[in-house]
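Going line by line, the protein sequences match chains A and B.
Taking my numbering, the leading residue of the first sequence gets 1, the next gets one more, and so forth.
Taking my numbering, the leading residue of the second sequence gets 1001, the next gets one more, and so forth.
Glycine is no exception: its CB is placed at the ideal position from the N, C-alpha and C atoms.
Keep in mind that this is a model prediction, so the values were computed, not measured.
Everything below concerns the one structure shown next.
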Amino acid sequence: MIELSTLTYLFMAVTGVISMIATYLAVLEKDLVKAVVYSALQSTAYTLLFYLLMAPDISLVYIPVAVGLYPAVILFLIKKTERMEGDEK
Amino acid sequence: MSDLNTFLFNVFLFSIIINTGLSLYGVFVRPSLIKKVIALTIFSDSANVLAIAVGYRGWPSPDKPPVPPVVTVSEPTPSELLRFLDVAVDPLPQALVLTAIVIGLAVTLFLVFLTLQIYRLYGTTDMRKVARLKG
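In structure tokens:
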């Protein structure tokens, strides 16, 4: 029988690993729109982490800012400028 | 805290530290200014999660979880406050992080505006091309 505390820490570890994978993909992705989507996935993982770390007020602020506003603003910027990150010459 | 719990919490802390390193790599090495802005948001968020993790406390006992730093009764008695102090997490990092998130939003909006102006002046958001331009 798995204990409740172990289950909480297990969720923390899994969410941390998910955020690590999403950060890796967001930093290395050439298509900036996909990078923004990976960054939003990473922000969702961080929201869960804030909740698990007993900071529900932070998650309530963090969801609209990091999952809503950041991707919207950066997508607007990509629409006004260029979509692909340049290759090495 | 049992050994398995300690290991799982260390996995979480390690992944956040790796995130900090990866986002610093994105800020310093990637050429696109937009990618730099994305990596900077990831960096500030990772620092915020680390600050919250500093204020976290382990489970006081296996059947008693920690609670958010919110008193849920309007007129608490001293004994209720003592019981609350036994299980509540530290509220100070949470207050600081709440401020840091809002300031980070303002800084990001400013950087987005600067990137847009650089694109309008130079016609590119590639840092190497901007550095090569004269004038």
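Closer than 7 Å by beta-carbon distance: list the chain A residues that pair up with residue i, in chain order.
i, result
"L1109/B", "V73"
"F1009/B", "Y9 and M12"
Output needed for residue i: all residues of its chain with C-beta closer than 7 Å, excluding positions within five of it in sequence on either side, in chain order.
i, result
"N1019/B", "I1042 and S1046"
"K34/A", "none"
"I74/A", "V36"
Which same chain residues end up closer than 8 Å to residue i when comparing Cβ atoms and leaving out the 5 residues on each side of it in sequence?
i, result
"L1092/B", "G1055"
"L49/A", "M12, T15, G16 and S19"
Give me the chain B residues within the contact set of residue i, using Cβ-Cβ distance strictly less than 8 Å, ordered along the chain.
i, result
"K80/A", "L1116 and Y1119"
"T6/A", "S1002, L1004, N1005 and L1008"
"V37/A", "Within 8 Å Cβ-Cβ: nothing; V37/A doesn't reach chain B, min ~11 Å."
Find the residues of chain B that neighbour residue i, judging by a C-beta separation of less than 7 Å, and give them in chain order.
i, result
"I63/A", "What I63/A touches in chain B: nothing, since even the nearest Cβ is about 11 Å away."
Can you tell me whether DSSP reads residue i as helix, strand or coil?
i, result
"A1088/B", "strand"
"V1071/B", "coil"
"M20/A", "helix"
"K79/A", "helix"
"D1045/B", "helix"
"M54/A", "coil"
"D1003/B", "helix"
Do residue i and residue j have their C-beta atoms closer together than 8 Å?
i, j, result
"A1039/B", "V1027/B", "yes"
"P1031/B", "M1127/B", "yes"
"T47/A", "Y24/A", "no"
CB-CB under 6 Å to residue i, same chain, minus the five flanking residues each way: which ones, in chain order?
i, result
"Y1119/B", "T1125"
"E1080/B", "none"
Along chain B, in chain order, which residues have C-beta atoms closer than 9 Å to that of residue i?
i, result
"D31/A", "Correct list: empty, because the minimum Cβ distance to chain B is about 11 Å."
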